[in-house]
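Take a look at the structure below.
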Ligand code: PDD
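Numbering (the UniProt record's numbering), first residue to last: 2 to 283.
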């Protein structure tokens, strides 16, 4: 694996970061994961724009121009074989000699990027789709979930709750019982043929897959959809539940807390949505 660290490309084994890096000590950084298939990225620009707004939210600039990130990502994909790759980009506030909570002044940001293998490009096929089983629990993360922070402990702990229950993910609801997102995905549901997803606010990440899917539904389909608050009581009686993220696109959920979602099979609206996504995502 060839990685990028602070302006240079090198084998993973040669990439070294100081233990005084604020990314390591405080989780003080922002990250992105961009999917790429056979050298083509899905949503490159919106991913970089989200990274820029996340950095801005925590008082940092984008460390390089978007075009420089583009060349970096293109080179990293080629150097790693141009297959089915997730490109991970991480910008931390840099390495400080002291462990001081205050933002340091005039310290270069740490910029790290690597690729990892992701599953083959998703296809719209009910029998080939990986059907998910999910747990649900109250969202106990912080109140700034719209920032794609590298401090992922809250997400990791929630993800593990699902794993410990024998499931693949954990969907989350706020203290009033309203759906927010999942520990590493956004959530959509289908009720009476209408596709629903919670509106964007500080309780969830503005997912790029979520955004692309909503744009595609708007421009290329007559399927009904809406962004609105969804209570868990409602989620427990919907016909379909989907998870969306860069590495899985739209994933059908067939069980929630051990109970069948709808008829317990991968749904027809999922098939229509994933098929539209395959056609229009680039
Ligand atoms: N996860 N919500 C959370 C909490 C996430 O971590 C992610 C992505 C999403 C979906 O966002 P997008 O469609 O932009 O991938 C929603 C990434 C892939 C991860 O941490 O690996």
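Backbone N, C-alpha and C define an ideal beta-carbon position, used for all residues, glycine too.
CB contact flag (residue 225, residue 251, <7 Å): Along the chain shown, one-based indexing puts residue 225 at 224. Along the chain shown, one-based indexing puts residue 251 at 250. No, they are not a contact pair.
Cβ neighbours of residue 141 in the same chain (closer than 6 Å, five flanking residues each side left out): Position 140 of the chain shown, counting from 1, holds the residue named residue 141. Same-chain partners within the cutoff: there are none.
Inter-stretch contact (C-beta, 8 Å, three-pair minimum) for the segment 228–245 and the segment 175–195: The count of Cβ pairs closer than 8 Å, one atom from the segment 228–245 and one from the segment 175–195, reaches three, so the stretches are in contact.
When 21, 158, 39, 202 are compared against residue 110, the one with the closest alpha-carbon: The residue labelled residue 110 in the question sits at position 109 within the chain shown. For residue 110, the nearest C-alpha among the options comes from 21.
Residue 22 in three-state terms, based on DSSP: Locating residue 22 in the chain shown gives position 21, where the first residue counts as 1. Annotated three-state conformation of residue 22 is strand, per DSSP.
Complete beta strand (DSSP E) runs within the segment 148–190 (minimum length 3 residues, chain order): If we require 3 residues or more, the beta strand (DSSP E) runs fully inside the segment 148–190 come out as 170–174, 180–183.
Cα-Cα separation, residue 151 to residue 114: The count along the chain shown starts at 1 and reaches residue 151 at position 150. The count along the chain shown starts at 1 and reaches residue 114 at position 113. Computed Cα separation, rounded: 13 Å.
contact_flag[the segment 33–52, the segment 205–220] where n(CB pairs < 8 Å) is 3 or more: Because the criterion of three Cβ pairs below 8 Å is met, the segment 33–52 and the segment 205–220 touch.
Sequence-distant residues of its chain with Cβ nearer than 6 Å to residue 33 (five each side left out): By 1-based counting over the chain shown, the position of residue 33 is 32. Excluding sequence neighbours, residue 33 sits near 48, 52, 90.
Any chain C beta carbon closer than 7 Å to residue 260: Although the question refers to chain C, the structure presented lacks it and comprises just one protein chain.
Residue of 83, 242, 117, 84 minimising C-alpha distance to residue 193: Residue 193 sits at position 192 when you count from the first residue of the chain shown. Nearest of 83, 242, 117, 84 to residue 193, Cα basis: 242.
8 Å CB neighbourhood of residue 163 in its chain, flanking five on each side removed: On the chain shown, position 162 is the one that residue 163 refers to. These residues qualify, in order along the chain: 135, 136, 169, 170, 171, 184.
Reference residue 267; option with closest CA among 278, 191, 105, 283: Within the chain shown, residue 267 is the residue found at index 266, counting from 1. The alpha carbon of residue 267 has as its nearest neighbour, out of 278, 191, 105, 283, the alpha carbon of 191.
Beta-bridge pairing of residue 35 - partner residues as DSSP gives them: Locating residue 35 in the chain shown gives position 34, counting from the first residue. Paired residue(s): 88.
Cβ-heavy atom distance, residue 206 to the ligand PDD, below 6 Å: The residue given as residue 206 occupies position 205 in the chain shown. Answer for residue 206: yes, Cβ within range of the ligand PDD.
One or two residues paired with residue 82 in a DSSP bridge: Residue numbering aside, residue 82 sits at position 81 when the chain shown is read from its first letter. Paired residue(s): none; residue 82 is not in a bridge.
Local conformation of residue 134 per DSSP, three classes: As a position in the chain shown, residue 134 is number 133, starting the count at 1. Look at residue 134 here: in three-state DSSP terms it is strand.
Residue environment, residue 249, which counts as buried when at least 16 other CB atoms sit within 10 Å: For the purposes of this step, residue 249 is identified with residue 248 of the chain shown, where counting begins at 1. Label assigned to residue 249: buried.
Unbroken stretches of the beta strand (DSSP E), 3 residues or longer, contained in the segment 195–245: 195–198, 225–228
Residue span of the alpha helix (DSSP H) that contains residue 255, given as start and end: Position 254 of the chain shown, counted from the start, is the residue given in the question as residue 255. It is not in any alpha helix (DSSP H) - residue 255 instead sits in the beta strand (DSSP E) that spans 250–257.
Close beta carbons around residue 83, own chain, < 7 Å, minus the five adjacent residues each side: Start at 1 with the first residue of the chain shown, and residue 83 comes out as number 82. The answer, listed in chain order, is 39, 40.
Contacting residues, own chain, Cβ-Cβ under 6 Å from residue 58 (five flanking each side not counted): Position 57 of the chain shown, counted from the first residue, corresponds to residue 58. Correct list, in chain order: 148.
CB contact flag (residue 87, residue 119, <7 Å): As a working note, residue 87 is residue 86 in the chain shown. As a working note, residue 119 is residue 118 in the chain shown. Yes; because the gap between Cβ atoms is below 7 Å, this pair is in contact.
Identified DSSP bridge partners for residue 28: As a first step, residue 28 is located in the chain shown; it is residue number 27 there, counting from the start. Answer by DSSP bridge pairing: none, since residue 28 is not bridged.
Buried/exposed call for residue 117, threshold 16 Cβ in 10 Å: In the chain shown, counting from the first residue as 1, residue 117 sits at position 116. Exposed, because fewer than 16 other Cβ atoms sit within 10 Å of the Cβ of residue 117.
Under 7 Å between C-beta atoms of residue 6 and residue 14: Translated into positions along the chain shown, residue 6 becomes position 5. Translated into positions along the chain shown, residue 14 becomes position 13. Not in contact: residue 6 and residue 14 (Cβ atoms no closer than 7 Å).
Nearest-angstrom Cα separation, counted from residue 161 out to residue 74: Taking the chain shown and counting its residues from 1, the one referred to as residue 74 is at position 73. Taking the chain shown and counting its residues from 1, the one referred to as residue 161 is at position 160. Residue 74 and residue 161: Cα-Cα distance of roughly 30 Å.
Nearest-angstrom beta carbon gap, residue 18 and residue 56 [assumed within contact, 8 Å]: Locating residue 56 in the chain shown gives position 55, counting from the first residue. Locating residue 18 in the chain shown gives position 17, counting from the first residue. Contact doesn't hold; Cβ gap of about 18 Å is too wide.
Contact under 7 Å by Cβ, residue 1 with residue 85: An answer regarding residue 1 cannot be provided, because it is not within the stretch 2 to 283 covered by the chain.
Residue 166: CB within 6 Å of a non-hydrogen atom of the ligand PDD: Start at 1 with the first residue of the chain shown, and residue 166 comes out as number 165. No, the Cβ of residue 166 stays beyond 6 Å of every heavy atom of the ligand PDD.
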